[in-house]
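Heads up: the sequence shown begins at 1 in full-length UniProt numbering, then just goes up one per residue.
Structure first, commentary second.
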Amino acid sequence: MPARAFLAEASFHHTEYLSRKIIARVKAGEDPTALLSELLTHQNGDGGFGDVAGYESAVLDTTFALEALAAQGGAQMSAAGYAVSYLLAEQHADGSWADNHNAPSIYLTALSLRALWRYRHIFALNDALDHAQAFLLAQRVGNVWPETFETALALIAVLPRLSDASVVADSIATLESAQLGSGSWEGDVYTTALALRALHLAQAGTPNPDLGAVVGHVIDGGTGFPLSGVTVQLSGSLSRSLVTGTDGRFAFSGLPTGPYGVSLHLATYAPLSAMTTLPIGGVINLGDLRLLKEVGNPATSTMQGLATEATTGAPLAGVTVTANGQTATTGRDGRYQMSHVVPGTIAFSATLEGYLSVSGEADLSPGAILVFSPALTPGTVPVPAALLGTITDAQTGDPLAGVTIEVTGDTVATATTDAQGAYRIEPLNVGPVAVQARLSGYDPVLADTNVSEFQQITFSPALYPLATTPPGSNASALTGVVFDASTHVPLPGVTVEASHGSQTESLTTDADGRFTLQGMTASEVSLRFTLEGYLTSAFALPIDPLSDFDMGQVRLRPEGVVAFLPDLTVTDVNVQATSTDPLTLALSGTVHLSVQNTGTSEAAAGASVTAFYDANLNGLLDSNAERVLGQTELTEALPVDAQRDVTLEVAGSLPFRDAPIAIWVDSGERLVELDEGNNVTTSARFCLAEPVLSGSFDPVLEWKWTGSHIFPDANEVLSTPVVMDLTGEGVPEVIFVSHVRRLSRDAHLRAIDGRDGSERFTVLEPEYELSSYGELAVGDIDLDGQPEIVAVYESNHHLIAFEHDGTFKWRSPMLPYSVGTGGASLADLNRDGVPEIIIGSVVLDNQGQFLWQGTQGRGAHPNTQFNAFGPLSVVANLDLEGDPEVVAGNTAYRSDGSVYWHNAQVPDGFNALGNFDATDDTPEIVLVANRQIYMLDHDGTLIWGPIAMPGGGRGGPPMVADVDGDGEPEFGVSGILAYGLFEGDGSLKWTYPIHDTSSGLNSSSAFDFDGDGSVEVTHSMSALSASGGAVTARCCGNRPMPARPTTNCRSWPMSTVTAKPNCSRSVPPGSQPVRRASSSSAMRKTAGWAPVPCGTSTPTTSTTLKTMARFPPRWRHLGSSTAPTGSINSPTVRRRISPSQTLRRSTTAPVNP
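Listed below in structure tokens is the structure:
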């Protein structure tokens, strides 16, 4: 095109022109790469863009550049992030923007708002956008902004964010009226173009593309008819209410994204509620919502039917049906239903302009259904009610003359057929009559009917010679089919009791659920349907003389069913056709799964199925933090109890090889289900083994390590071993440091086979000897798919790292303090996917080089010999925003090393975290320091303390768990002569005598060892019950032990792996998430994952220094993305969440990369 050629040849190189050319190329489907490269040369170090390369940043140029970067997609998101940060930094307190130090500008603010708006789903910009919008709306003078072009620009900026455009309706009207006779605005091309753009946006149905809708269709679950008059209430970000019309439909539009509740209420019906999550700009169609009548003694009845045109049989919409003063109007399909008809004798009618009305009368019992399906005859001139027809010989078909037609009842009349067999009797009085046709030599024919005003009743029997009329002939017949209202499956064996006139008969539905009733001469029939396991249903139907009436489907409701809703659940997940690259951890392949509908109603087609990695194990896809691995949908409806196999292609990256894959069925939350809590499962659930338990916990020694032929004198183990699958073979190794007696001489790193204790490797080189009492950390720090081992060097002033096979990797520079009985932790502090190494208040990168050193606490007890007992620090997201913090004793550091808080009122020491006050989601911090115990808030404020250590001593790292099962955490602390368990308010719950004169620094763990639903606290060789008494630990009982969600995940000392309960079945690899972390790591396990297999290790001896809190029912993962294998090894805060809460991560504000 000439215009595109002109643009291509234009030699403008300013940011505005480059940006507009990029947008034009993208819209034309052309490659903008060269222009983008040139545009990026205009970006400065502060993130902003200048007019040309080398010019200082300006708000105006940055807005143009952001528009261009948004147009070309996400390829330059890093550059866009810098530019967004620049604009945020330049925004004034009143929400405006200006260039240099000029006054706030409507023009620049509108452009900035529009540019930032395009990144609203990527960065946390709501506050900035809200302030900018408020500024712009406040600048109006009357209905408009000072300049016409400013009015247009402001409308273009604010309209896409408004949930209600009426806020600016006057401004839009004023702008529209400002158009000149020439068609322009102010005779200016620029202003005219902006005005047209603003008005076009205003005239769009929904100017705000982020707003969505929730729609649905309410029907009677028993009859399938639409329900009018249903009150539909919406709750969520907005609260609204409406009442359904004749078609039973409802629609809420203009809704912001987020979770919503929809509740339906109609008298005599059981209420129905649904929860859904509306995506940005999406439409949630809840489909058919089936309300059911309340079970009990019904006070009302139902009237329903189909109105048609008598001459064509076509459905008639808009027909007014009246019954004893109540009215209903037929919908587009001609159907109607009245749900609250007072039982008794019902007088009813159907009227529609241009048609003759139809009326009738019937008796209706409580809870029964009256079917009135009027056929309306076109016409406006009233005609008298009449009886008419033609009488014929049934055998020859010839018309019969001289037949006497006699009417008795509310009308008494007689007529005789003419030579063509025809007759007509009029007028007829409204009311019941009996009709008889008789002719000598023929069997007479009788019928009853109810005459309504203007009704033209046809009575045309075919007479049979005397005593030859076949059964059922010259009478009315009724047919139908009975279905299960839940499954829509025909029901055989249903008893159908029929009463018509003076006759009562009973019949049974056939194998297809069908029934036929013949030989009826009465004007009305009453039906009663019964089947064991189903609620009885009753109907009353008016019958025209000699008619064949098909009542269609009769739906029986199963007993005990309170709602007709589907319920999708995943019954199997097979990941054998997937593979994970051992180096890149890239996932590929196919997941085969089975989905079953365990509900009471068919699940409509279109339910989405999503595979993802559940990083925080909360059973939810947290879109800001967790990765989607694949998606598909159920293309066909799924009947009740039916199961369907689904194939799902997956691709992406996992944090460790063979990590569990979570499957979420109905991930789009389009279906209203009986149970919304069973849609997510994980592949780990289908590869667990439940051990056969023998009935008691009798540990049997399986193997023990007492030394090696390599450095045989180095056979003492002081620090905590780590259990880890170093090779990826599915069998974990035990990694530990052994040393020569008396602590510190000749300490070597070793790894042995977890199955039998056989040698895997020993590090031989003397230059790589270790501290005997420093703790180990294990994880994939270099992202090569294999774990590395981080240890404390023999001098206690360096960290040293080894590959998974014991090969030396690096040694850190000298640390600013000695590492005593502490050790490193691994965590992704800045959430870039690469772990950092934390040792007290020092953070190293994954190459062992210094990143920063904190200036205050380091998570250690002062000690003359070792400089400190510790250090031990905890990584936790204290404020639940952005990057996690490092908690070190009396100080918390931000991820960049700056001090978040420092409390000089308390000394340095050991920490554990948990949500003790339950008033908010932020954690509190237990501090054990200098023989005292304190409680700090997440911001470092002292809540209470000091409290003296029970039994004296410095005090070991605290343990946090819900020991007594009251739903609230307690914490335990070990001294020299006593172990104490405390409530969150600092009150002492109980103490237990111990004897730990070696250090007084021991710690503890909590676990439900005997499977009785109550945890035991383990310390040294003791197991303490929730009340503080000693117990005999038992593992193997007559049932698997559930994974109690209040388990305190602790490091296991060496003696743990030398004892295995006497169980008849071992647990294969994959039966639970593989623990890939150091002694300070959190097991990736939560309630409902798997029964704890016999053989789960129990801490028994040694000084264990690193603790963490774990609370029911869900955990919070504290990174922006899941770190590689074992890389998040520090004690990590877990939030206690009530069952009603849904834990999601908030989006972080953009910062310069």
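Note that CB positions come from ideal geometry on N, CA and C, so glycine has one too.
Which partner residues of glycine 258 appear in the DSSP bridge assignment? Reading the sequence shown from its first residue, position 258 is the one you call residue 258. Answer is Leu278, bridged to glycine 258.
Buried or exposed: which applies to leucine 111, given that a residue is buried once 16 or more other Cβ atoms fall within 10 Å of its Cβ? Position 111 of the sequence shown, counting from 1, holds the residue named residue 111. Buried, because 16 or more other Cβ atoms sit within 10 Å of the Cβ of leucine 111.
Inter-residue spacing [alpha-carbon to alpha-carbon] between valine 575 and leucine 255: Here residue 575 refers to the residue found at position 575 when the sequence shown is read from its first residue. Here residue 255 refers to the residue found at position 255 when the sequence shown is read from its first residue. Distance between the alpha carbons of valine 575 and leucine 255 is about 39 Å.
In this structure, what does DSSP give as the bridge partners for serine 286? Your numbering for residue 286 matches position 286 in the sequence shown. The question names serine, but residue 286 in the sequence shown is leucine. In the DSSP output, where bridge partners are listed per residue, leucine 286 has none listed.
Express the C-alpha separation of alanine 603 and aspartate 782 in angstroms, rounding to a whole number. Looking up residue 782 in the sequence shown gives position 782. Looking up residue 603 in the sequence shown gives position 603. Computed Cα separation, rounded: 46 Å.
Tryptophan 117: first and last residue of the uninterrupted alpha helix (DSSP H) it sits in: Walking along the sequence shown from the start, residue 117 turns up at place 117. Start and end: 106-117.
Can you give me the C-alpha to C-alpha distance between glutamate 353 and glycine 501, rounded to a whole angstrom? Counting from 1 along the sequence shown, the entry for residue 353 is found at position 353. Counting from 1 along the sequence shown, the entry for residue 501 is found at position 501. Going by the C-alpha atoms only, they are around 35 Å apart.
Looking at leucine 376: is its Cβ nearer than 8 Å to the Cβ of glutamate 309? Indexing the sequence shown from 1 puts residue 376 at position 376. Indexing the sequence shown from 1 puts residue 309 at position 309. Yes, they are a contact pair.
Considering only the alpha carbon of each residue, which of Gln518, Leu136 and Ser163 lies closest to residue 1158? This structure cannot settle anything about residue 1158, because the visible part of the chain is limited to 1 through 1153.
Can you tell me which of the three DSSP states aspartate 170 falls into? Taking the sequence shown and counting its residues from 1, the one referred to as residue 170 is at position 170. Annotated three-state conformation of aspartate 170 is helix, per DSSP.
Determine whether the beta carbon atoms of glutamate 633 and glycine 606 lie at a separation below 8 Å. Numbered from its first residue, the sequence shown carries residue 633 at position 633. Numbered from its first residue, the sequence shown carries residue 606 at position 606. Contact flag set, yes.
Apply the 10 Å Cβ neighbour rule to glutamate 885 and answer buried if 16 or more other Cβ atoms are within range, or exposed otherwise. Working through the sequence shown from its first residue, we reach residue 885 at position 885. With 16 or more other Cβ atoms within 10 Å, it is buried.
Sub-8 Å separation of glutamate 67 and arginine 120 beta-carbons: Walking along the sequence shown from the start, residue 67 turns up at place 67. Walking along the sequence shown from the start, residue 120 turns up at place 120. Contact: no.
To the nearest angstrom, how far is it from the Cα of alanine 1090 to the Cα of alanine 611? Stepping through the sequence shown from its first residue, residue 1090 is reached at position 1090. Stepping through the sequence shown from its first residue, residue 611 is reached at position 611. Per-residue confidence for alanine 1090 stands at a pLDDT of 26, beneath the threshold of 50, marking its modelled position as unreliable; no derived number is given.
For a quick check, are the C-beta atoms of threonine 109 and alanine 138 less than 8 Å apart? Counting from one through the sequence shown, the residue named residue 109 turns up at place 109. Counting from one through the sequence shown, the residue named residue 138 turns up at place 138. Alanine 138 sits away from threonine 109, with the two beta carbons spaced by 8 Å or more.
Buried/exposed call for arginine 114, threshold 16 Cβ in 10 Å: One-based indexing of the sequence shown puts residue 114 at position 114. Answer is buried; the Cβ neighbour count reaches 16.
How would you label asparagine 846, buried or exposed, when you count the other beta carbons within 10 angstroms and need 16 or more for buried? In the sequence shown, counting from the first residue as 1, residue 846 sits at position 846. Answer is buried; the Cβ neighbour count reaches 16.
Indicate the three-state DSSP secondary structure (helix, strand or coil) for threonine 192 in the structure shown. Here residue 192 is taken as the residue at index 192 of the sequence shown, counted from 1. Looking at threonine 192 - three-state DSSP - the assignment turns out to be helix.
Residues in its own chain within less than 6 Å of serine 96 by CB, not counting five upstream and five downstream? For this step, residue 96 is matched to residue 96 along the sequence shown. The residues are Pro104, Thr109 and Phe135.
Every unbroken beta strand (DSSP E) within the stretch 967-994, with a cutoff of 3 residues, ordered by chain: 970-974, 978-982 and 988-993
Just grab the DSSP bridge partners of threonine 62 for me. Sequence index remark: in the sequence shown, residue 62 carries index 62 (1-based). DSSP lists no partner for threonine 62.
With which residues is alanine 386 paired in a DSSP beta bridge? As a working note, residue 386 is residue 386 in the sequence shown. Alanine 386 pairs with Gln456.
Run through the DSSP bridge pairs and tell me what histidine 797 is partnered with. In the sequence shown, counting from the first residue as 1, residue 797 sits at position 797. Answer is none; histidine 797 lacks a bridge partner.
Taking all protein chains shown into account, decide if asparagine 1048 is buried (16 or more other Cβ within 10 angstroms of its Cβ) or exposed. Numbered from 1 along the sequence shown, position 1048 holds the residue referred to as residue 1048. A caution first: asparagine 1048 carries a pLDDT of 27, below 50, which makes its placement in the model unreliable, though a value can still be read off. It is buried - the Cβ of asparagine 1048 has at least 16 other Cβ atoms within 10 Å.
From threonine 508 to leucine 629, what does the alpha carbon distance come to, in whole angstroms? Working through the sequence shown from its first residue, we reach residue 508 at position 508. Working through the sequence shown from its first residue, we reach residue 629 at position 629. Threonine 508 and leucine 629: Cα-Cα distance of roughly 53 Å.
So, using beta-carbon positions, are glycine 956 and valine 973 closer together than 8 Å? In the sequence shown, residue 956 corresponds to position 956, counting from 1. In the sequence shown, residue 973 corresponds to position 973, counting from 1. It is a contact, given that the beta carbons lie within the stated cut-off.
Please look up how many angstroms separate the CB atoms of valine 482 and phenylalanine 529, rounded, as I've assumed it's under 8 Å. Position 482 of the sequence shown, counted from the first residue, corresponds to residue 482. Position 529 of the sequence shown, counted from the first residue, corresponds to residue 529. Valine 482 to phenylalanine 529, Cβ: 6 Å. Contact.
Distance check for leucine 815 and tyrosine 934, CA to CA, integer angstroms please. In the sequence shown, the residue the question calls residue 934 occupies position 934. In the sequence shown, the residue the question calls residue 815 occupies position 815. The straight-line gap from Cα to Cα measures roughly 29 Å.
Assumed close pair threonine 380, valine 341 - CB separation to whole angstroms, cut-off 8 Å: One-based indexing of the sequence shown puts residue 380 at position 380. One-based indexing of the sequence shown puts residue 341 at position 341. Here threonine 380 is actually not in contact with valine 341; their C-beta atoms are around 29 Å apart, not less than 8 Å.
Just the Cα atoms here: how many angstroms apart are alanine 659 and arginine 954? Numbered from its first residue, the sequence shown carries residue 659 at position 659. Numbered from its first residue, the sequence shown carries residue 954 at position 954. C-alpha separation (whole angstroms): 40 Å.
Here's a check: name, in chain order, each residue in its chain whose Cβ is nearer than 6 Å to the Cβ of threonine 681, leaving out the five neighbours to either side. Stepping through the sequence shown from its first residue, residue 681 is reached at position 681. Answer for threonine 681: Val570 and Ile663, listed in chain order.
Return yes when the Cβ of valine 887 is within less than 8 Å of the Cβ of valine 874, no when it is not. Residue 874 sits at position 874 when you count from the first residue of the sequence shown. Residue 887 sits at position 887 when you count from the first residue of the sequence shown. Yes.
Nearest-angstrom Cα distance between glutamate 968 and glycine 677? Within the sequence shown, residue 968 is the residue found at index 968, counting from 1. Within the sequence shown, residue 677 is the residue found at index 677, counting from 1. A direct Cα-Cα distance of roughly 23 Å separates glutamate 968 from glycine 677.
Between which two residues does the alpha helix (DSSP H) harbouring phenylalanine 483 extend? To locate residue 483, count along the sequence shown from 1; it is residue 483. In this chain, phenylalanine 483 is not harboured by any alpha helix (DSSP H); it is covered by the beta strand (DSSP E) spanning 476-484.
Please state whether DSSP places residue 1157 in a helix, a strand or coil. For the chain, the structure presents residues 1 to 1153; residue 1157 sits outside this window and is missing.
Let me confirm a value: glycine 707 is counted as buried when at least 16 other C-beta atoms fall within 10 Å, else exposed. Which label applies? The residue you call residue 707 lines up with position 707 of the sequence shown. Within 10 angstroms of the beta-carbon of glycine 707 lie fewer than 16 other beta-carbons, which makes it exposed.
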